[in-house]
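*Asks:*
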Amino acid sequence: MTKKNIVFLLVAISFSLHIIAQKSAAYTSNLVDYQKALSLYNNQQYLAAQSLFGNVKKTAKEEILQSDCTYYIANCAVRLNQQNADQLVEDFVKDYPTSTKRNTAYVDVADYYFENSKYAHARKWYDKVDENALGRKEKEKYNFNNGYSAFSAKQYKEAKKYLTRVESSQEFGSQAKYYIGFMAYEGDDYDRANEYFDQVSDQERYKEKLSYYQADLNFKLGNFEKAIELAKDRLDMSDEVEVSELSKIIGESYFNLKQYAEAIPYLTEYKGKRGRWNNTDFYQLGYAYYKQKDYESAISEFNKIIDGNNSIAQNAYYHLGESYINLGKKQEALNAFRYASQMNFDLKIQEDAWLNYAKISYEIGNPYQPAPQVLASYLDKYPDTSYKEEIETLLIDSYITSKNYKEALKLLEGKKSFENKVAYQKVAFYRGLELYNENDYLEAESLFDQSLKEPRDPKYIARATFWKAETDYNLTNYEDALVGFKQFQQEPSSSSTPEIENVDYNLAYTYFKLKNYEQSTLYFNQFISNKKEDKVRLNDAYLRLGDGHFVSSQYKSAIKAYNNAIKLNEIDSDYPFFQKAISTGYSGLTSKKIRELEQFISDYPKSKLRDDAMYELGNSYVKANETDKAITIYNRLNSEYRMSSFVPKSLLRQGLVYYNGSENERALTKFKKIASDYPNTPEAVQAVATAKLIYIDLGRVDDYAAWVRTLDYVEVTDTDLDNATYEAAEKQYLDGNTDKAIKQFNGYLNEFPSGLHALQAHFYIAQLYSKKDLTTNAAPHYKYIVEASQSEYTEEALLRLSQHFLETKSWNEAIPLLSRLEEEANFPQNVVFAKSNLMKANYQLKNYEAAVSYAEKVLESSKIDNKIKSDAHIIIARSAIKTGDEDKAKTAYAKVEKIATGETAAEALYFNAYFKNKEGKHEASNRSVQKLAKDFSGYKYYSARGLVLMAKNFYALGDAFQATYILESVIKNFAEFDDVVSEAKDELRKIKLEEAKTNSSIETED
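In mature numbering (1 follows the signal peptide of the UniProt record, and there is no 0), the protein residues as written are -25 to -1, 1 to 981.
#1: What is the DSSP secondary structure of lysine 248, reduced to helix, strand or coil?
#2: Which word fits proline 623, buried or exposed, when buried means at least 16 other C-beta atoms lie within 10 angstroms of its C-beta?
#3: Would you check if the region 233 to 251 and the region 262 to 270 touch, i.e. whether three or more CB-CB distances between them fall below 8 Å?
#4: How many angstroms separate the CA atom of alanine 754 from the CA atom of histidine 779?
#5: Just to confirm before moving on: does the CB-CB distance between phenylalanine 697 and glycine 730 stay below 7 Å?
#6: What is the residue span of the alpha helix (DSSP H) that histidine 96 lies within?
#7: Starting from glutamate 882, trace the alpha helix (DSSP H) both ways and give me its first and last residue.
#8: When the Cα of alanine 444 is compared with those of Ser470, Glu429, Glu474 and Pro240, which residue comes out closest?
#9: Excluding the 5 residues preceding and the 5 following valine 478 in the sequence, name in chain order all residues of the same chain whose CB lies nearer than 8 Å to its CB.
#10: Can you tell me which of the three DSSP states asparagine 974 falls into?
#11: Assign leucine 743 to buried or exposed, taking buried as 16 or more other Cβ atoms, counted over all protein chains shown, within 10 Å of its Cβ.
#12: The alpha helix (DSSP H) spanning histidine 779 covers which residue range?
#13: Pairing CB atoms from the region 66 to 78 with CB atoms from the region 89 to 97, are three or more of them under 8 Å?
#14: Helix, strand or coil, according to DSSP, for isoleucine 839 in the structure here?
#15: Rounding to the nearest angstrom, what Cα-Cα distance links phenylalanine 936 and lysine 279 in this structure?
#16: Can you list, in chain order, the residues of its chain whose CB lies under 7 Å from that of glutamate 871, leaving out five sequence neighbours each side?
#17: Would tyrosine 71 pass as a contact of alanine 85 if the rule is Cβ separation under 7 Å?
#18: Indicate the three-state DSSP secondary structure (helix, strand or coil) for glutamate 388 in the structure shown.
#19: Could I get the ranges of all uninterrupted alpha helix (DSSP H) runs contained in the region 486 to 511, with 4 residues as the minimum, in chain order?
#20: Checking 7 Å against the spacing of the C-beta atoms, do tyrosine 258 and isoleucine 287 come in under that value?
#21: In three-state terms, what does DSSP make of glutamine 317?
#22: Mapping the DSSP letters down to three states, classify lysine 844 as helix, strand or coil.
#23: Go to arginine 902, then tell me how far its alpha helix (DSSP H) extends in each direction, as first and last residue.
#24: Alanine 291 and tyrosine 299 look like a contact to me (Cβ under 8 Å); what is the Cβ gap, rounded to whole Å?
#25: Tell me whether alanine 800 sits in a helix, a strand or coil according to DSSP, three-state version.
#26: Near glycine 261, what residues of its chain come up, given a Cβ to Cβ distance below 6 Å and the 5 sequence neighbours on each side ignored?
#27: Between which two residues does the alpha helix (DSSP H) harbouring asparagine 301 extend?
#28: For tyrosine 486 and asparagine 887, what's the separation of their Cα atoms in angstroms?
#29: Measure the alpha-carbon distance for alanine 867 versus lysine 873 and round it to whole angstroms.
#30: Which residues bound the alpha helix (DSSP H) around lysine 647?
#31: Can you grab the Cα-Cα spacing for the pair proline 347 / aspartate 587, in whole Å?
#32: Here's the rule: buried if 16 or more other CB atoms are within 10 angstroms of the residue's CB, otherwise exposed. What is isoleucine 608?
#33: Taking the straight line between their C-alpha atoms, what separation do you get for asparagine 500 and leucine 482?
#34: Within the same chain, show all residues whose beta-carbon is closer than 6 Å to that of proline 345, passing over the 5 residues directly before and after it, in chain order.
#35: According to DSSP, is serine 577 part of a helix, a strand, or is it coil?
#36: What is the DSSP secondary structure of serine 212, reduced to helix, strand or coil?
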């Protein structure tokens, strides 16, 4: 080597050493910083460490140093909870696949999350660890931590997999066994749980936890004595929550050992889950009280069980029913047994509940379905029951006592046994009586016939015979009625019936209608001699007896009968006084008649017969030749009673007085007024005929012809044909040939629409149509009469036409007619009819003030029957409800309740319960609802409304079961009543929301 080369070599070596020295210095500096960063990391200064590791990584050229820095940067990110932490770890593993820290990175991150109780994150990283690369100690820790993380995440299958691997570990074995045991406990594998718990029970750290679980385990394994022992030992060392749970274990253990007295104090100490019990909790405490015969306390627990639908609920409701029975609360028991009978979890309990439900339904009534239906359904479901004979006896009797005859008839249809036929005979009779009282005579008669087709009980044969005759009488079939009343008298059992009291009275009236006055007076006298105490009928009998003598021209006897009626004074005495005066006149005592009529006009200023009396007095004056007095009284009649049917008669009489006195012009004035103001009336026809005579006498025939042409109803040339046609139709009418008479009267009216007899023809044809129940056909004929001048037919036409409009609910058309009838009627009963229906029509039109006004007018009469009184009070009550005057409504409904029958009575009883509920008298309100259910179950609308009231009452009394069950039953059974169901749903929602606060078994919509 040359010198030059040596020098170059030395220079090169020198340069190389300088470079190495530079690198060595940089590396040494990185190592120092790396150690500083590691020290910061170990001191948990992760942010500073992460920053320094980052600086080192930037300058480090060595891959191992870069790898380690990357590892710690990611590790710091994990500990700093940085968003990209997981990604940094993943990047480290990806970028440095051969790094010895790869597996350690997974373990470290997993352990970090584990130590910080982030078990789901821990599980994610433990799943990445290669456990084969771990040492024995590391592997135990890995298995335990991974298993516990899975346990904490309730991934029990995975947890068992890893924990089972370390159950023999000295370090982790006890913990693993505890958690394996707990998972078995949670999975209801109590034997295995007990096995594991026993293995760690001697360790102090688990004793506290295990004492509760072991007590519960022994309870669940049926080791109740052991469970009680363990739970009691733990009580003093437990907090409030655990005391509650331990008390539940002790209480239920005693319950299962049938030591109910011991169970009660512990069951009551249980606070529930999150402060709420469930239905089973309430059942156990309730049953414990029940077994101690503490029925009040049992009920207070059982009735909190709501929405129950399992064997426990069925048991609870059955024993709730028995508890109510022991306290005499049958209505409450009915609902409980009904609920239990609708469940089939325990068939024996279901059958017993059904039996109790059926019996109580018979005893107190049933608001959901008729008691006979319940009893019949029980027999259908349990045909071989040992109680069959008893229930069949109750069933037969219930058809009668339920008073729900309409439904009872349906149930009895087709029943073949003798007992059922006996029941059918009675029920058909009572249903007929119901329809009779509702004025549905045709249907009533059909029911009486059906009753008579089952002639089982002689008493009801007699009674049905009587009421069938009474129905015929009301249908104007008087011959049939007479036969029926006679048959009734001949029935052997008639003497033991209530109807025997009035059969003479009914026979007398029937003979009277048949114009057989001799027999009529005979029977009226028989009735009078036997019935001195029945003042109202006695008064009426004297009146009709007087009428019978009167039409038979036996005026002295008539006067005697009328005087007897006047003395009784049970009915307004104006009629008998008037009739007595007329009879006196017919007896030839004209002066006395005049005095009595003058007295009548003075003493009875408001009588409907006063215009009659004035007319008769005028006629009597004429007969006594006191024509001036006659003219005066006729003028008074015409002035005071312008709408009276006697006005045209009075005018005619005045005209005749003038005519007979040769005052022809004054006579013509009267006759022309009649012809003009009262066309088509018999008085108008006679007026025209008499005027004709005057004109002839005066030689003024042309004047007569000119005047007659102005009268469209007088066709002189057709008079004979008119009369002949009318008389032919009238003959058919008098002979009772209804259809022929209708045809001929129609023919007459078609030929002579303004004929001499048009008024009579319209009246008779209307009456014939009415008799055939063709009221729509009759209406236009009555309308003709009503719109014509006042006549003797006007009152009847007003009555019939207004009835037609009332039946078709044409209130606006009915009111004007009723108003006229009120003012114009001569018969008091027609005035009452007008007033009572004016109140009803105005109520229907929501004219409540007018309705109440007419109702009060009706009640002013002391002679109206209870049905009309009831109607008047109910109108007042309903109007008061509609206008918000509940005090007035309460008073009115109380009066209705005393006298009403049928649906009106049901309505009054409902409001009796309603007002008691409003006053907070919940038990009294419920008693009213129970009476409503028993006596008026056929009126479903008020039954349903009553049930909603009952539910409110029970909830106010603290009985949530009764309240909810009743409301659910209403919703299910009364869907046809939208308003009632809506109210029931609202109440049920409120109650469930409130009860759900303390009962976790209740499901609510909100």
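Positions of the beta carbon are idealized from the N, C-alpha and C atoms, including for glycine. Computed from a predicted model, the values in this text were never measured in an experiment.
*Replies:* The answer reads as follows:
#1: In the displayed model, lysine 248 falls within a strand according to three-state DSSP.
#2: When all chains shown are included, proline 623 counts as buried.
#3: Touching, yes, given that three or more Cβ pairs across the two stretches are closer than 8 Å.
#4: Cα-Cα distance, rounded: 7 Å.
#5: Rather than phenylalanine, the amino acid found at residue 697 in this sequence is aspartate. Closer than 7 Å, so yes.
#6: Where histidine 96 is concerned, the enclosing alpha helix (DSSP H) stretches over 94 to 101.
#7: Counting along the chain, the alpha helix (DSSP H) containing glutamate 882 begins and ends at 877 to 893.
#8: Comparing Cα positions, the closest option is Glu474.
#9: These residues qualify, in order along the chain: Phe441, Phe460, Phe463, Gln464 and Ser469.
#10: For asparagine 974, the three-state secondary structure derived from DSSP is strand.
#11: Counting the other CB atoms within 10 Å of its CB gives leucine 743 a total of 16 or more, which places it among the buried residues.
#12: Membership of histidine 779 in the alpha helix (DSSP H) is indicated by the continuous run 769 to 782.
#13: In short, these stretches do not touch, since the Cβ pair count stays below three.
#14: The answer is coil: DSSP assigns isoleucine 839 none of H, G, I, E or B.
#15: C-alpha separation (whole angstroms): 6 Å.
#16: Glutamate is not the amino acid found at residue 871; the sequence shown has valine there. Only Ser845, His848, Ile849, Ala852, Thr879 and Ala883 meet the Cβ criterion.
#17: Not a contact, by the Cβ cut-off of 7 Å.
#18: Taken through DSSP and simplified to helix, strand or coil, glutamate 388 comes out as coil.
#19: 492 to 505, all fully within the region 486 to 511.
#20: The answer is yes: Cβ separation under 7 Å.
#21: Coil, per DSSP.
#22: It is helical.
#23: For arginine 902, the uninterrupted alpha helix (DSSP H) run begins and ends at 897 to 910, by DSSP.
#24: Actually they are not in contact, since the Cβ atoms of alanine 291 and tyrosine 299 sit about 12 Å apart, beyond 8 Å.
#25: DSSP places alanine 800 in coil when its eight states are reduced to three.
#26: In its chain, beyond the 5 residues on either side, Ala273, Glu276 and Phe277 have a beta carbon closer than 6 Å to the beta carbon of glycine 261.
#27: For asparagine 301, the enclosing alpha helix (DSSP H) covers residues 286 to 301.
#28: Within the model, the alpha-carbon separation for tyrosine 486 versus asparagine 887 is close to 45 Å.
#29: If you take the alpha carbons of alanine 867 and lysine 873, they lie about 10 Å apart.
#30: Lysine 647: member of the alpha helix (DSSP H) spanning 639 to 652, first to last residue.
#31: Whole-angstrom Cα-Cα distance: 57 Å.
#32: With 16 or more other Cβ atoms within 10 Å, it is buried.
#33: The C-alpha of leucine 482 is placed about 11 Å away from the C-alpha of asparagine 500.
#34: Counting only Cβ-Cβ distances below 6 Å, and skipping sequence neighbours, we find Ser377, Asn379, Glu382 and Ser912.
#35: DSSP places serine 577 within a helical segment (H, G or I) once states are collapsed to three.
#36: Residue 212 is actually methionine in this sequence, not serine. Note: methionine 212 maps to coil in three-state DSSP.
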